[in-house]
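**Q** Before anything else, here's the structure in question.
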């Protein structure tokens, strides 16, 4: 096909001959547009940095004869990367590449003009074939996005020019003589999708009949009440044409019909009972007060959007059945209503900053202290049985999550509760023997005696005040004796502390822990469990889980957290392996930390983790006595020991979690030891609110009623 129709060029000329280029640049009648440096700067600034072969792709010159303009553009891959960057993530880069392999035919370029241009805008195909015999008239400009400079030009030429000026790398071919019954097969050859917007009913039928032979899907938009039709002849080769609405009508029966004679067929296709009242009324006025049925530019623009959506889904293999649907804006606008009241959390009411006061009875005070221990997600995975002879601490296996692999986190929490009980018993002169016997649900016990331990007793008030502080740390170095104090506290409970304070190592750990958070958000069951643990004041009960106020987030981060609660959003990010921002809060906090303290134990048995929990609580209390804020952190891999654990945590990301655990151990210097808890430490403001605990009535049983030997 020649690039000129009635003297009207429509395809830009690639100028790769140096002499031709020099001649055009020297021609005073040719406008030269060269913004290549700006294009390259914009390309280099993309947050998803393109590979070097795209960045270094040679630029090209194109001459647009109908504009007498020479323009310099990025090469095809770089051009497409930059031009469609704002499509992400509604269309992924891989989806964009798949769509660029599509060849789409558009027959009828009144409604079809807007559709073809929208497909080009979105980069939803790599080749567009256009067919229309008609020329632009002034009365077309109520719905065709052309200009007065296009009057008298063939409609296919006008659309082809518009697409060429948008993206010269989209291949465009045109049929300026339109379609006839004997040219249908030629038009359809090589296409993937057909968009039919013709006026002639014989061509409408013939095009569908041809699509059925070529096994191609047909999409049609009718601008009244946003009617969209999809006919999947690619999947249903025996499907009746037009959903069977025209019965046995044949293309030859409909040739040469006047506008007046088309009306019965139009009504059968559009269904009289479904027409808008203005359109139905207009049908009676055709050839009387109206030349033809009315169409509005806005309706056609809406139709272009719905067709483009259908083409995207068809092109990407998403399920799109045959059928029709109406996207009726008038009906939607008639349903305007106030949104329902937001179920906003009440962040100002019922703040709890002071610790829960202990009871006067010494034995009850021991159980009270145990209840105040920290636990992963504040899930409180324990049961307490209090008797005259002691306190028994059991495991509540219902209070767990996937992160709590083999109940290792629960055993750490029980160890912390046991340590608190020892401190309270020492303070009240009740300290006796401790037994750690993790056999099923029975884990540890503290026998009441008449003993005390001045060192433990001296931790009592600090133990009651102990709190998670998730504020940003102030940029101040830790006290000089921090390492010695924390290591001594851990050693007293047969554990170790690995203290990281170097800025380089903290930055590496910030990236690593931020990535762990990202994987937690993107793993369906981990995300669900995490969101269950987050509790919103005014909406959720706050005696269990993590009160979101304790996260110390600003309004912007809280709003982001509200979005991050949505599983469908996480699924989109997971599909594209995105979501770096999901780890932003953790990265920023660890990057600003005074240090990271990792409590470790020598073995991975339940008893080891109980001892590790005692060390965690002692280290935590001692850090706060130094004036430091402590923020407990639980990377996804924290309790992973073997390959099966990582598969259980996240089958999709098991290899990455293993790698993160390996890198974490290397930076921290773990060797062959096992992590009980990771703590971010530094100077920070006081907490805004303190996490609560389940009431003693729910967690502490009387030994006599429970039949315990205590």
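Numbering (the working numbering), first residue to last: 252 to 961. C-beta atoms are modelled at their ideal positions from N, C-alpha and C, and glycine is treated no differently. Bear in mind the structure is a predicted one, so any value in this text is a computation, not a measurement.
1. Could you round the C-beta distance between residue 797 and residue 780 to whole angstroms and report it? I think they count as a contact, below 8 Å.
2. Please report how far the alpha carbon of residue 591 lies from the alpha carbon of residue 606, in whole angstroms.
3. Taking its Cβ as the centre, do 16 or more other Cβ atoms sit within 10 Å of residue 558, making it buried, or is it exposed?
4. Mind the definition here: the stretch 603 to 620 touches the stretch 630 to 645 only if three or more C-beta pairs lie below 8 Å; say whether that holds.
5. Quick one: give me the first and last residue of the alpha helix (DSSP H) that residue 687 is part of.
6. What does DSSP give as the partner residue(s) for residue 320 in the beta ladder?
7. Taking only runs of the beta strand (DSSP E) that begin and end inside the stretch 435 to 502, which ones reach a length of at least 3 residues, in chain order?
8. Contact defined as beta carbons within less than 8 Å: I believe residue 756 pairs with residue 918. What is the distance between those atoms, to the nearest angstrom?
9. Between the Cα of residue 580 and those of 940, 336, 553, spot the shortest distance and give me the residue it belongs to.
10. Our contact map puts residue 458 next to residue 447 with C-beta atoms below 8 Å; I'd like the distance itself, whole angstroms only.
11. What span of residues does the alpha helix (DSSP H) with residue 665 cover, start to end?
12. Tell whether a beta-carbon distance below 8 Å holds between residue 801 and residue 719.
13. Which residues in the same chain have their Cβ closer than 7 Å to the Cβ of residue 803, if we skip the five residues on either side of it in sequence?
14. Could you give the first and the last residue of the continuous beta strand (DSSP E) run that contains residue 633?
15. Report the CB separation of residue 435 from residue 367 in whole angstroms; it is logged as a contact under 8 Å.
16. Identify, in the order they occur along the chain, each residue of the same chain with its Cβ nearer than 8 Å to the Cβ of residue 349, setting aside the five sequence neighbours on each side.
17. State the beta-bridge partners of residue 382 as determined by DSSP.
18. Can you round the beta-carbon distance between residue 852 and residue 862 to whole angstroms, since I take them to be within the 8 Å contact cut?
19. Is the stretch 691 to 699 touching the stretch 906 to 920 in the sense that three or more CB pairs, one from each, lie closer than 8 Å?
20. Just the C-alpha distance for residue 883 and residue 584, rounded to the nearest angstrom, thanks.
21. Report the rounded CA-to-CA distance for residue 771 versus residue 778, giving the unit in angstroms.
22. May I ask you to list the residues that DSSP assigns as paired with residue 766?
23. When we look at the beta-carbon of residue 896 and count the other beta-carbons within 10 Å, is it buried (16 or more) or exposed?
24. Under the assumption that residue 966 contacts residue 669 (Cβ atoms under 8 Å), give the Cβ distance between them as a whole number of angstroms.
25. Can you check which of these residues, 837, 298, 894, is closest to residue 765 by C-alpha distance?
26. What does the alpha-carbon distance come out to for the pair residue 555 and residue 337?
27. How would you write the range of the alpha helix (DSSP H) that residue 780 sits in, first residue to last?
28. Roughly how many angstroms lie between the CA atoms of residue 356 and residue 425, to the nearest whole one?
29. CA-CA distance, residue 504 and residue 482?
30. State buried or exposed for residue 523, treating a residue as buried only when at least 16 other CB atoms are found within 10 Å of its CB.
31. Do residue 309 and residue 264 have their C-beta atoms within less than 8 Å of each other?
32. Around the C-beta of residue 651, are 16 or more other C-beta atoms found within 10 angstroms, so that it is buried, or is it exposed?
33. Quick one: is residue 662 buried, meaning 16 or more other Cβ sit within 10 Å of its Cβ, or exposed?
34. Identify, in the order they occur along the chain, each residue of the same chain with its Cβ nearer than 7 Å to the Cβ of residue 762, setting aside the five sequence neighbours on each side.
35. Output needed for residue 453: all residues of its chain with C-beta closer than 6 Å, excluding positions within five of it in sequence on either side, in chain order.
36. When you compare the CB positions of residue 333 and residue 325, do they come within less than 8 Å of one another, or not?
**A** In short, the structure shows the following:
1. One-based indexing of the chain shown puts residue 797 at position 546. One-based indexing of the chain shown puts residue 780 at position 529. Not quite, the Cβ-Cβ distance comes to about 12 Å (not below 8 Å), so this is no contact.
2. The count along the chain shown starts at 1 and reaches residue 591 at position 340. The count along the chain shown starts at 1 and reaches residue 606 at position 355. Straight-line Cα distance between these residues: approximately 37 Å.
3. Counted from its first residue, the chain shown places residue 558 at position 307. By the 16-neighbour rule on beta-carbons within 10 angstroms, residue 558 is buried.
4. The stretch 630 to 645 and the stretch 603 to 620 touch, with three or more beta-carbon pairs separated by less than 8 Å.
5. Sequence index remark: in the chain shown, residue 687 carries index 436 (1-based). Taken as a continuous stretch (DSSP letters only), residue 687 belongs to no alpha helix (DSSP H), being part of the beta strand (DSSP E) at 682 to 690.
6. Working through the chain shown from its first residue, we reach residue 320 at position 69. Residue 320 pairs with 282, 315.
7. The beta strand (DSSP E) runs of length 3 or more contained entirely in the stretch 435 to 502 are, from start to end of the chain, 444 to 447, 468 to 473, 478 to 483.
8. Taking the chain shown and counting its residues from 1, one reaches residue 756 at position 505. Taking the chain shown and counting its residues from 1, one reaches residue 918 at position 667. The beta-carbon distance between residue 756 and residue 918, rounded to whole angstroms, is 5 Å. This is short enough to meet the 8 Å contact definition.
9. Counted from its first residue, the chain shown places residue 580 at position 329. Measuring C-alpha to C-alpha distances from residue 580 to each of 940, 336, 553 identifies 553 as the nearest.
10. As a working mapping, residue 458 is identified with position 207 in the chain shown. As a working mapping, residue 447 is identified with position 196 in the chain shown. The beta-carbon distance between residue 458 and residue 447, rounded to whole angstroms, is 5 Å. This is short enough to meet the 8 Å contact definition.
11. Position 414 of the chain shown holds residue 665. Taken as a continuous stretch (DSSP letters only), the alpha helix (DSSP H) holding residue 665 covers 659 to 678.
12. Translated into the one-based positions of the chain shown, residue 801 becomes position 550. Translated into the one-based positions of the chain shown, residue 719 becomes position 468. In this structure, residue 719 lies closer than 8 Å to residue 801 by Cβ.
13. Locating residue 803 in the chain shown gives position 552, where the first residue counts as 1. The residues are 721, 722, 939.
14. The residue given as residue 633 occupies position 382 in the chain shown. 633 to 638 is the extent of the beta strand (DSSP E) around residue 633.
15. As a working mapping, residue 435 is identified with position 184 in the chain shown. As a working mapping, residue 367 is identified with position 116 in the chain shown. With a contact defined as Cβ atoms closer than 8 Å, residue 435 and residue 367 miss out at about 19 Å.
16. Here residue 349 corresponds to residue number 98 of the chain shown, with the count starting at 1. So the qualifying residues of the chain are 566, 567.
17. In the chain shown, the residue the question calls residue 382 occupies position 131. According to DSSP, residue 382 shares a beta bridge with 358, 426.
18. Translated into the one-based positions of the chain shown, residue 852 becomes position 601. Translated into the one-based positions of the chain shown, residue 862 becomes position 611. With a Cβ gap of about 6 Å, residue 852 and residue 862 count as contacting.
19. Touching, no, given that fewer than three Cβ pairs across the two stretches are closer than 8 Å.
20. Here residue 883 refers to the residue found at position 632 when the chain shown is read from its first residue. Here residue 584 refers to the residue found at position 333 when the chain shown is read from its first residue. Rounded to whole angstroms, the separation of the alpha carbons of residue 584 and residue 883 is 50 Å.
21. On the chain shown, residue 771 is found 520 positions in, with the first residue counted as 1. On the chain shown, residue 778 is found 527 positions in, with the first residue counted as 1. Between residue 771 and residue 778, the C-alpha separation is close to 6 Å.
22. Residue mapping note: residue 766 aligns to position 515 of the chain shown, counting from 1. Note: residue 766 sits in no beta bridge, so no partner.
23. As a working mapping, residue 896 is identified with position 645 in the chain shown. It counts as buried.
24. In the structure as shown, the chain begins at 252 and stops at 961. Residue 966 is therefore absent and cannot be evaluated.
25. Here the question's residue 765 lines up with position 514 in the chain shown. Minimum Cα distance to residue 765 is reached at 837.
26. As a first step, residue 555 must be located in the chain shown, where it is residue number 304. As a first step, residue 337 must be located in the chain shown, where it is residue number 86. Just so you know, the alpha carbons of residue 555 and residue 337 end up roughly 19 Å apart.
27. By 1-based counting over the chain shown, the position of residue 780 is 529. Membership of residue 780 in the alpha helix (DSSP H) is indicated by the continuous run 775 to 784.
28. Within the chain shown, the letter at position 105 stands for residue 356. Within the chain shown, the letter at position 174 stands for residue 425. Their backbone Cα atoms lie some 10 Å apart in a straight line.
29. Position 253 of the chain shown holds residue 504. Position 231 of the chain shown holds residue 482. Answer to the nearest angstrom: the Cα atoms are 22 Å apart.
30. Counting from 1 along the chain shown, the entry for residue 523 is found at position 272. When all chains shown are included, residue 523 counts as exposed.
31. Position 58 of the chain shown, counted from the start, is the residue given in the question as residue 309. Position 13 of the chain shown, counted from the start, is the residue given in the question as residue 264. The Cβ-Cβ distance between residue 309 and residue 264 does not fall below 8 Å.
32. Taking the chain shown and counting its residues from 1, the one referred to as residue 651 is at position 400. By the 16-neighbour rule on beta-carbons within 10 angstroms, residue 651 is buried.
33. Taking the chain shown and counting its residues from 1, the one referred to as residue 662 is at position 411. Buried, since its Cβ has 16 or more Cβ neighbours within 10 Å.
34. If you number the chain shown from 1, residue 762 lands on position 511. Here residue 762 has 838 as same chain residues with Cβ atoms under 7 Å from its own Cβ, once five neighbours each way along the sequence are excluded.
35. Taking the first residue of the chain shown as 1, we reach residue 453 at position 202. Leaving aside the five residues that flank residue 453 on each side, the residues in its chain whose CB is nearer than 6 Å to its CB run, in chain order, 502, 505, 506.
36. As a first step, residue 333 must be located in the chain shown, where it is residue number 82. As a first step, residue 325 must be located in the chain shown, where it is residue number 74. At a Cβ-Cβ threshold of 8 Å, residue 333 and residue 325 count as neighbours.
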